[in-house]
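Residue numbers (this note's numbering): 908 to 1198.
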């Protein structure tokens, strides 16, 4: 799931209009990231947001060398991996507590606990350099559309200091030709039909970016490295894991609804659900071999 941006100019001293994967907002940062959170007179939670932390933004810009981490191009945008908006106020944090079970289901209990500890304890928790990356404006836009995702690849510790090399693997993501608002008919041919609609925008030649160092296009499997403190690397891994799970879900997203079980389906609790799956798989015909 990648986040809001603050545009960094050459001297890293000003921020311009910002946006995010899931919305847009204004950037008027305060270097102290002071919380303006208060309780309202009726006892409810005030929705007033904390200020942006320009110090953390500048730390990210300096860490990434003032260039896009994927292309090496200058004048990047500093992007949040997990959107700033989810921790902008106590009210937004309260809503995000509903996501913890989903994170646990996707990534496991350990990452869900880290998600809670890193992001959901205080307003402004996501506004940290370990939740930011420098990206070219075009790539930032494509990231927001989930045309690609970034997968955690590894951490290489340094023997000389407290820093480490944090590695990310780039993945172009497929798109389906299905209408997300269309109700899906569940039958034995549903998967085959869906696979036939999958397309990759980069295969059309419309989506492509090149690396400045060698002018080669960015391809799935390319690995990119950042140098950062070991403590920050552990936190960034959680952010990247959540983003990667979110990006994959977005790439295959469609309308979800309950469906009627097929004829002969038994709801007997003594029957292992995996037996139903095995029976269904046996009815499927292998796809025809393409010439």
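Cβ coordinates follow ideal geometry from the N, Cα and C atoms, glycine included.
Name the residue from 1124, 1021, 992, 966 whose alpha carbon lies nearest to the alpha carbon of residue 1078.
Ranking the options by Cα distance to residue 1078, first place goes to 1124.
Between the C-alpha atoms of residue 1050 and residue 1042, what's the straight-line distance to the nearest angstrom?
Distance between the alpha carbons of residue 1050 and residue 1042 is about 9 Å.
Return the chain-ordered list of same chain residues with a C-beta closer than 6 Å to the C-beta of residue 981, the five sequence neighbours on each side being excluded.
Closer than 6 Å at the Cβ level, and outside the excluded window around residue 981, lie 974.
Give the secondary structure of residue 1126 by DSSP, where H, G and I count as helix, E and B as strand, and everything else as coil.
If DSSP states are grouped into helix, strand and coil, residue 1126 belongs with coil.
Could you check whether residue 986 and residue 1158 sit closer than 9 Å to each other, using their CB atoms as the reference points?
Contact flag unset, no.
To test your reading of the DSSP string, which unbroken alpha helix (DSSP H) runs of 4 or more residues are found completely within the region 976-1014?
Here the runs fully enclosed are 997-1003, 1007-1014.
Apart from the five residues just before and just after residue 1065, which ones in its own chain have a Cβ nearer than 7 Å to its Cβ?
Contacts found: 1071.
Here's the rule I'm using: 16 or more other beta-carbon atoms within 10 Å means buried, otherwise exposed. How should residue 1026 be labelled?
Counting Cβ neighbours within 10 Å, residue 1026 comes out buried, since at least 16 surround it.
Which residues mark the beginning and the end of the beta strand (DSSP E) in which residue 1041 is found?
Residue 1041 -> beta strand (DSSP E) spans 1039-1042.
Just reading off the alpha helix (DSSP H) that residue 1153 is part of, what are its end residues?
From DSSP, the alpha helix (DSSP H) with residue 1153 extends over 1137-1158.
Tell me which residue opens and which closes the beta strand (DSSP E) that residue 1031 is part of.
First-last for residue 1031: undefined, no H or E at that position.
For residue 1038, which option in 1160, 1006, 1148 has the closest C-alpha, if you only look at C-alpha atoms?
Checked all of 1160, 1006, 1148; the closest Cα to residue 1038 is 1148.
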